[in-house]
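Asks: Protein chains in written order, with our numbering: chain D, 232 to 418; chain F, 232 to 418.
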DNA sequence: AACTTAACGGACCGATGGTCCGTTTATCAA
DNA sequence: TTGATAAACGGACCATCGGTCCGTTAAGTT
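1) Are the beta-carbon atoms belonging to residue 351 of chain D and residue 289 of chain D less than 8 Å from one another?
2) Indicate the three-state DSSP secondary structure (helix, strand or coil) for residue 399 of chain D in the structure shown.
3) Residue 242 of chain D and residue 285 of chain D: beta carbons closer than 8 Å?
4) Any Cβ of chain D within less than 8 Å of the Cβ of residue 426 of chain F?
5) Would you report the Cα separation of residue 354 of chain F and residue 338 of chain D, rounded to the nearest angstrom?
6) Determine the extent of the alpha helix (DSSP H) in which residue 359 of chain F is found, giving its start and end residues.
7) If I follow the unbroken alpha helix (DSSP H) through residue 289 of chain D, where does it start and stop?
8) How far does the alpha helix (DSSP H) with residue 265 of chain D in it extend, from its first residue to its last?
9) Counting Cβ pairs, one atom from each stretch, are 3 or more of them under 8 Å apart for the region 387 to 395 of chain F and the region 391 to 400 of chain D?
10) Three or more C-beta pairs closer than 8 Å, one from the region 356 to 363 of chain D and one from the region 369 to 389 of chain F: is that the case here?
11) May I have the straight-line CA-CA distance separating residue 250 of chain D from residue 342 of chain D, to the nearest angstrom?
12) Within the 8 Å Cβ cut-off, does residue 289 of chain F reach chain D?
13) If I'm right that residue 381 of chain F touches residue 327 of chain F with Cβ under 8 Å, what's the distance once you round it to whole angstroms?
14) Where does residue 367 of chain F sit, in a helix, a strand or coil, going by DSSP?
15) Do the CB positions of residue 254 of chain F and residue 265 of chain F come within less than 8 Å of each other?
16) May I ask you to report which of helix, strand or coil DSSP gives residue 303 of chain D?
17) Taking DSSP as the reference, what is the three-state secondary structure of residue 315 of chain F?
18) Roughly how many angstroms separate the alpha carbons of residue 316 of chain D and residue 237 of chain F, rounded to a whole number?
19) Roughly how many whole angstroms lie between the Cα atoms of residue 398 of chain D and residue 367 of chain F?
20) In chain F, which residues lie less than 7 Å from residue 397 of chain D when you measure between Cβ atoms?
21) For residue 254 of chain D, name the three-state secondary structure that DSSP assigns.
22) Just how far apart, CA to CA, sit residue 406 of chain F and residue 322 of chain F?
23) When you compare the CB of residue 416 of chain D with every CB in chain F, is at least one pair closer than 8 Å?
24) According to the Cβ coordinates, are residue 378 of chain F and residue 404 of chain D closer than 8 Å?
25) Starting from residue 261 of chain F, find everything on chain D with Cβ-Cβ shorter than 9 Å and list it in chain order.
26) Where residue 402 of chain D and residue 260 of chain D are concerned, what is the direct C-alpha to C-alpha distance, given to the nearest angstrom?
27) So is residue 389 of chain F in contact with chain D if we call contact Cβ pairs under 8 Å?
28) Below 7 Å on C-beta distance, what does residue 307 of chain F contact in chain D?
29) Taking all protein chains shown into account, decide if residue 206 of chain F is buried (16 or more other Cβ within 10 angstroms of its Cβ) or exposed.
30) Terminal residues of the continuous alpha helix (DSSP H) containing residue 334 of chain D?
31) Tell me the rounded alpha-carbon separation between residue 233 of chain F and residue 280 of chain F.
32) Which stretch, first to last residue, makes up the alpha helix (DSSP H) that contains residue 383 of chain F?
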């Protein structure tokens, strides 16, 4: 990649980051805004990132990468605790990046198109399988991740963070404890 | 309300319903499309429903109303079972109306602006409080509802419905069973 | 039948995502 | 250093879409 291309890519990501962080409603950050703030032509934006969703995804995953890195599996840590740690970190991340996260989760294709989602999901599935067996672990991992959807976090925006964390902890505990017998029909 | 107004309102809702049901990507159903399909001018659309989100909400809540009606509280039914029933019905509803539900949940303000959400949420909170006490019941109810977000259902679209239901049942069971001690600090 | 006024409808507007193409410039070989 | 090449640029341009406006129509009333 040419030197100026690299420079511009960086400038765009920085500018977009600033704009989204400052925005109340991420939908109202336009591509023109980003281009202007980055001091770059619109064509450059689209050539580099494909479309709006692409730009947002690139920015989001860049930040998420740092999160994932801080979550390297620790073989010594019990699986149940690891699940709690992960969800807790994820919750903090969503709070700190709520505007960007909202933009990302509403952009084309929803949250499930990001490579990061699959990583999180399979990691969680693994940990839960280890902690409580494989039954429905797959779905439960999805459910856990749904519990930190950015617009839910936003909706609960005026709860004291304490209460949010308590709720999250209760959810994790529930899901890990397994619940009653699985196969019993409803009657 | 004048007779023609009533007629047109109905025509619009029917047409919109058809279009969303047939759509792969609900974002691509335009207001012009709806107006044309309903045989009505665009002005009529906006005068009646305010904006796109308003139309979608009206349509969604109309259908949801039938769902809620079929879920009238039954004092004889144990709370835990009632939670299962509700989530199960909700899951079916989201599957049957996935395009519309996606349109609705992505339209202005997210899913939490609908009056229906609050009703469901407080109903669930009540049932869960009855079944397992009030601790974090509020948050857990939100989490349960997040588990049937339309784009998650869509993402899991190729799972056999059986598996989905099993997962949902496991989630409900977990959340109702309560999990371990709440206050214990992490390490 | 005459009148009032709610309702209509489609031309019109502004904003936005995305494209196109003539121009600039990084890179590299001679 | 210079000249050739193609990658990268940028902003005018386009299409679409949500939403508004206002002259026209027709429902309801007396």
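Idealized CB from N, CA, C, for every residue including glycine. Being a predicted model, the structure only gives us computed values, none of them experimental.
Replies: Once the coordinates are examined:
1) Within the first chain, numbered from 1, the residue matching residue 351 of chain D stands at position 120. Within the first chain, numbered from 1, the residue matching residue 289 of chain D stands at position 58. The Cβ atoms of residue 351 of chain D and residue 289 of chain D do not sit closer than 8 Å to each other.
2) As a working mapping, residue 399 of chain D is identified with position 168 in the first chain. Residue state, collapsed to three classes: helix.
3) The count along the first chain starts at 1 and reaches residue 242 of chain D at position 11. The count along the first chain starts at 1 and reaches residue 285 of chain D at position 54. Against a cut-off of 8 Å, the Cβ pair of residue 285 of chain D and residue 242 of chain D comes out as no contact.
4) Because chain F is modelled from 232 through 418, residue 426 of chain F falls outside the range shown and cannot be assessed.
5) Here residue 354 of chain F corresponds to residue number 123 of the second chain, with the count starting at 1. Here residue 338 of chain D corresponds to residue number 107 of the first chain, with the count starting at 1. Looking at the two C-alpha atoms, the distance is approximately 31 Å.
6) The count along the second chain starts at 1 and reaches residue 359 of chain F at position 128. Per DSSP, residue 359 of chain F belongs to the alpha helix (DSSP H) from 346 to 363.
7) Mapped onto the first chain, residue 289 of chain D falls at position 58. From DSSP, the alpha helix (DSSP H) with residue 289 of chain D extends over 283 to 300.
8) Looking up residue 265 of chain D in the first chain gives position 34. DSSP places residue 265 of chain D in the uninterrupted alpha helix (DSSP H) bounded by 262 to 269.
9) With the cut-off at 8 Å, the region 387 to 395 of chain F and the region 391 to 400 of chain D do not touch.
10) Too few Cβ pairs lie closer than 8 Å, so no.
11) To locate residue 250 of chain D, count along the first chain from 1; it is residue 19. To locate residue 342 of chain D, count along the first chain from 1; it is residue 111. If you draw a straight line from the Cα of residue 250 of chain D to the Cα of residue 342 of chain D, it comes to about 21 Å.
12) On the second chain, residue 289 of chain F is found 58 positions in, with the first residue counted as 1. With its beta carbon at least 8 Å from every one in chain D, residue 289 of chain F lies outside the interface.
13) For the purposes of this step, residue 381 of chain F is taken as residue 150 along the second chain, with counting starting at 1. For the purposes of this step, residue 327 of chain F is taken as residue 96 along the second chain, with counting starting at 1. Contact between residue 381 of chain F and residue 327 of chain F does not hold, since their C-beta atoms are separated by about 11 Å, which reaches or exceeds 8 Å.
14) Taking the second chain and counting its residues from 1, one reaches residue 367 of chain F at position 136. Looking at residue 367 of chain F - three-state DSSP - the assignment turns out to be coil, as it is neither helix nor strand.
15) As a first step, residue 254 of chain F must be located in the second chain, where it is residue number 23. As a first step, residue 265 of chain F must be located in the second chain, where it is residue number 34. With a cutoff of 8 Å on beta-carbon distance, residue 254 of chain F and residue 265 of chain F are scored as not near each other.
16) Stepping through the first chain from its first residue, residue 303 of chain D is reached at position 72. Residue 303 of chain D falls in the coil class under three-state DSSP.
17) Locating residue 315 of chain F in the second chain gives position 84, counting from the first residue. Note: residue 315 of chain F maps to helix in three-state DSSP.
18) The residue labelled residue 316 of chain D in the question sits at position 85 within the first chain. The residue labelled residue 237 of chain F in the question sits at position 6 within the second chain. So the two alpha carbons sit approximately 55 Å from each other.
19) For the purposes of this step, residue 398 of chain D is identified with residue 167 of the first chain, where counting begins at 1. For the purposes of this step, residue 367 of chain F is identified with residue 136 of the second chain, where counting begins at 1. Taking the straight line joining both Cα atoms gives about 5 Å.
20) The count along the first chain starts at 1 and reaches residue 397 of chain D at position 166. Identification of chain F residues near residue 397 of chain D by a Cβ-Cβ cut-off of 7 Å yields 367, ordered along the chain.
21) For the purposes of this step, residue 254 of chain D is identified with residue 23 of the first chain, where counting begins at 1. For residue 254 of chain D, the three-state secondary structure derived from DSSP is coil.
22) For this step, residue 406 of chain F is matched to residue 175 along the second chain. For this step, residue 322 of chain F is matched to residue 91 along the second chain. Using only the alpha carbons, I get a separation of about 17 Å.
23) Residue 416 of chain D sits at position 185 when you count from the first residue of the first chain. Model confidence at residue 416 of chain D stands at a pLDDT of 44, short of 50, so the residue's coordinates are unreliable; what they give is reported in the following sentence. Residue 416 of chain D does not count as touching chain F.
24) Counted from its first residue, the second chain places residue 378 of chain F at position 147. Counted from its first residue, the first chain places residue 404 of chain D at position 173. Cβ atoms of residue 378 of chain F and residue 404 of chain D: not closer than 8 Å.
25) Translated into positions along the second chain, residue 261 of chain F becomes position 30. The CB of residue 261 of chain F never comes closer than 9 Å to any CB in chain D; the least such distance is about 17 Å.
26) The residue given as residue 402 of chain D occupies position 171 in the first chain. The residue given as residue 260 of chain D occupies position 29 in the first chain. Each residue's alpha carbon lies about 34 Å from the other.
27) Your numbering for residue 389 of chain F matches position 158 in the second chain. No, because no Cβ of chain D sits closer than 8 Å to the Cβ of residue 389 of chain F.
28) Translated into positions along the second chain, residue 307 of chain F becomes position 76. Going along chain D, no residue has its Cβ under 7 Å from residue 307 of chain F, so there is no contact; the nearest lies around 13 Å.
29) This structure gives no information on residue 206 of chain F, because the portion of chain F shown stretches from 232 to 418.
30) Counted from its first residue, the first chain places residue 334 of chain D at position 103. Counting along the chain, the alpha helix (DSSP H) containing residue 334 of chain D begins and ends at 329 to 337.
31) By one-based count along the second chain, residue 233 of chain F stands at place 2. By one-based count along the second chain, residue 280 of chain F stands at place 49. Rounded to the nearest angstrom, the two C-alpha atoms are 16 Å apart.
32) The count along the second chain starts at 1 and reaches residue 383 of chain F at position 152. Per DSSP, residue 383 of chain F belongs to the alpha helix (DSSP H) from 381 to 386.
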